[in-house]
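Below you'll find the structure, written out as structure tokens, and then a few comments.
Numbering (the working numbering), first residue to last: 24 to 231.
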């Protein structure tokens, strides 16, 4: 299904969008300015479809390791203890009994089915990690967020229709940002805190 969706999307999308999938990843800001008006919704849907396919692949291929992985995840002090955080870690970070992460297996086994340009973006997800951000601006209607990264000392634009309806300026949030042609996307359910109430597990991020 994912392959059919991606191929259908590529054939029916404007030239500006097709160019993204036939070109190597470039700076997010450049892509954002070129494509937001015409393909924002389609790119958002495709991000969700690819991410679901990756998670489904991970649970099908490595499902037997889930019980042990859950124990391992629970035993560690982590800044984000949500279901999405576990799936991110299980899929992107945890080395399986086969000596590779589910992401690495996905990139190899899907190479003949998913466009290489899409896999180039997915590969970058393995370089992400949970980080603490301060919410600066929110446009709930457009699903757009402006975040401040206090560790790196920089600002970051992101998109998440669901998250944008739940966040407001001044809140602190722990999440991953997944690179994608329109803009980085937030990772599912979030850990949200008020300033001054950030738990110790999240404060660890400030010390890394």
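Cβ coordinates follow ideal geometry from the N, Cα and C atoms, glycine included.
Predicted model, so just to flag it, every value in this text is computed and none were measured.
Each of 207, 130, 120 and 143 was checked against the Cα of residue 152, and the nearest Cα belongs to 207. Exclusion of the five residues before and after residue 183 leaves 166, 168, 208 and 209 as the residues of its chain whose Cβ lies within less than 8 Å of its Cβ.
Between residue 131 and residue 124 the beta-carbon gap is near 11 Å, outside 8 Å, which marks them as no contact. In terms of Cα proximity to residue 97, the closest of 113, 171 and 122 is 113.
Exposed is the label assigned to residue 178, since fewer than 16 other Cβ atoms lie within 10 Å of its Cβ. Cβ-Cβ distances below 6 Å link residue 215 to 194 and 196 in the same chain, with the five nearest sequence neighbours on each side left out; the list follows chain order.
Sequence-distant partners of residue 111 (beyond 5 residues in either direction) whose C-beta falls short of 7 Å from its own C-beta, in its chain, are 199 and 210. Residue 69 is classed as buried because its beta carbon has at least 16 other beta carbons within 10 Å across all chains shown. For residue 190, no beta strand (DSSP E) run applies, since DSSP gives it neither H nor E. Here DSSP, grouped into helix, strand and coil, assigns residue 181 to strand. Per the C-alpha coordinates, the member of 145, 115, 162 and 157 positioned closest to residue 174 is 157. Look at residue 161 here: in three-state DSSP terms it is strand. Following the DSSP letters along the chain, one finds residue 169 inside the beta strand (DSSP E) bounded by residues 167–172. By the neighbour-count criterion, in which 16 or more other beta carbons inside 10 Å mark a residue as buried, residue 136 falls on the exposed side. When the alpha-carbon of residue 91 is set against those of 163, 128, 139 and 120, the nearest one is in 120. Bounds of the alpha helix (DSSP H) holding residue 82 are 51–85. Cβ contact annotation for residue 105 (same chain, cutoff 6 Å, sequence separation greater than five): 212, in chain order. Annotated three-state conformation of residue 114 is helix, per DSSP. Taking the Cβ atoms as the reference, residue 108 lies roughly 7 Å from residue 101, within the contact range of under 8 Å.
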